[in-house]
Amino acid sequence: MVKQSIFGRMAQLAKANINSLLDQAEDPQKMLDQMVRDYTNNIAEAESAVAQTIGNLRMLQDDYNEDVRNAQDWGRKALAASRKADEYRAKGDVGDAEKFDNLAKVALQRQMGSENEAKAAEPSIASQTEVVDKLKHGLDQMKGKLNDLTSKRNELVARSKTVQAQSQVHDALKSINIMDPTSEVGRFEQKIRREEAKVRGQQELAESSLDAQFNSLEDLGEQTEIEARLAALKSGGSPAAIGTGEKSAESGSTVEEADFDKL
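Position one of the sequence shown corresponds to residue 558 (our numbering), numbered consecutively onward.
Written as structure tokens, this is what we have:
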């Protein structure tokens, strides 16, 4: 009954679908750890039961072999007694001949008893041998499943650690993402950009003011030349003697062309 229970449990565990069990588990790693412990304990229990069953089988085989040897020994004794009886009978010693014939009969009876015991043990030996073979096969299957479980557990743990590491790296990178406008780096970048834009505006404003100053100087120079020529005319000087420039006062004058016709 104990052997049947162990054998049934071994068959059930050996047929277990690991992937299906993991899909149904809330925490696959914990379940794998528990399954590894259960398998290890069951394998230890099964090994003990298999060892006991094998021991019982070996005892049966030893008894069977002893019965076979006894049957052979009694057969040899029966033959020796029968021959001895024949020798005494050939000598005319009927009494001793009968004595050894009776010994031969006793030896043959014992031989038959040993043979019957050996034959009676053969079915039990065959049955026990079959059970032992099945238990060994089931034990091998359990050990194979245990290796699969251990490998699966180690793989799962390694993958879990990898995922955690990747998640930590992702979170770390996200916290220092320079493209994130809500981050400290993004705000600092926006501040620098505003400062740079302000400097460019100041530069453009300064350049515009400088150009206006140069234009003012050019207008002042032209007006000065006009005033100088007018003064020269009033003093009776010749227009040819007034400077060498050919600039006209037209650009800065508001005098109409018709006013010259009145001269």
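Just so you know, even glycine gets a beta-carbon here, dropped at the ideal spot from N, CA and C.
For residue i versus residue j, is the C-beta distance shorter than 8 angstroms?
{"i": "K700", "j": "I600", "result": "yes"}
{"i": "D595", "j": "A678", "result": "no"}
{"i": "A628", "j": "Q666", "result": "no"}
{"i": "Q586", "j": "V714", "result": "yes"}
{"i": "L589", "j": "R710", "result": "yes"}
{"i": "E681", "j": "L617", "result": "What sits at residue 681 in the sequence shown is Ser, not Glu. Yes."}
Going along the chain, which residues of its own chain have a beta-carbon closer than 6 angstroms to the beta-carbon of residue i, five neighbours each way excluded?
{"i": "A654", "result": "A642, Y645 and R646"}
{"i": "L790", "result": "none"}
{"i": "E761", "result": "none"}
Only counting the same chain, and skipping five residues up and downstream in sequence, which positions put a Cβ closer than 7 angstroms to that of residue i?
{"i": "A635", "result": "A661, A664, L665 and Q668"}
{"i": "D620", "result": "A678"}
{"i": "K748", "result": "none"}
{"i": "T597", "result": "L703"}
{"i": "Q609", "result": "none"}
{"i": "I799", "result": "Since pLDDT at I799 reaches only 45, below the 50 mark, its modelled position is unreliable, and no value is offered."}
Please return the same chain residues whose Cβ sits closer than 8 angstroms to the Cβ of residue i, not counting the five positions on each side in sequence.
{"i": "D658", "result": "A638, S639 and A642"}
{"i": "S717", "result": "Q586"}
{"i": "T801", "result": "Note that T801 scores a pLDDT of 48, beneath 50, so its modelled location is shaky and nothing firm can be said."}
Can you tell me whether residue i is buried or exposed? The criterion is at least 16 other CB atoms within 10 Å of its CB, across all chains shown.
{"i": "K702", "result": "buried"}
{"i": "L696", "result": "buried"}
{"i": "A729", "result": "exposed"}
{"i": "Q685", "result": "buried"}
{"i": "A754", "result": "exposed"}
{"i": "V689", "result": "buried"}
{"i": "A763", "result": "exposed"}
{"i": "A722", "result": "exposed"}
{"i": "A797", "result": "In this predicted model, A797 has a pLDDT of only 48, less than 50, meaning its place in the structure is not dependable enough to derive any value."}
{"i": "A603", "result": "buried"}
{"i": "A675", "result": "buried"}
{"i": "H727", "result": "exposed"}
{"i": "E803", "result": "Confidence is the limiting factor: at E803 the pLDDT is only 46, short of 50, which leaves the residue's position unreliable, though a coordinate-based value still follows. Counting Cβ neighbours within 10 Å, E803 comes out exposed, since fewer than 16 surround it."}
With residue i and residue j assumed to form a contact (beta carbons below 8 angstroms), what rounded beta-carbon distance in angstroms separates them?
{"i": "V593", "j": "T707", "result": "6 angstroms"}
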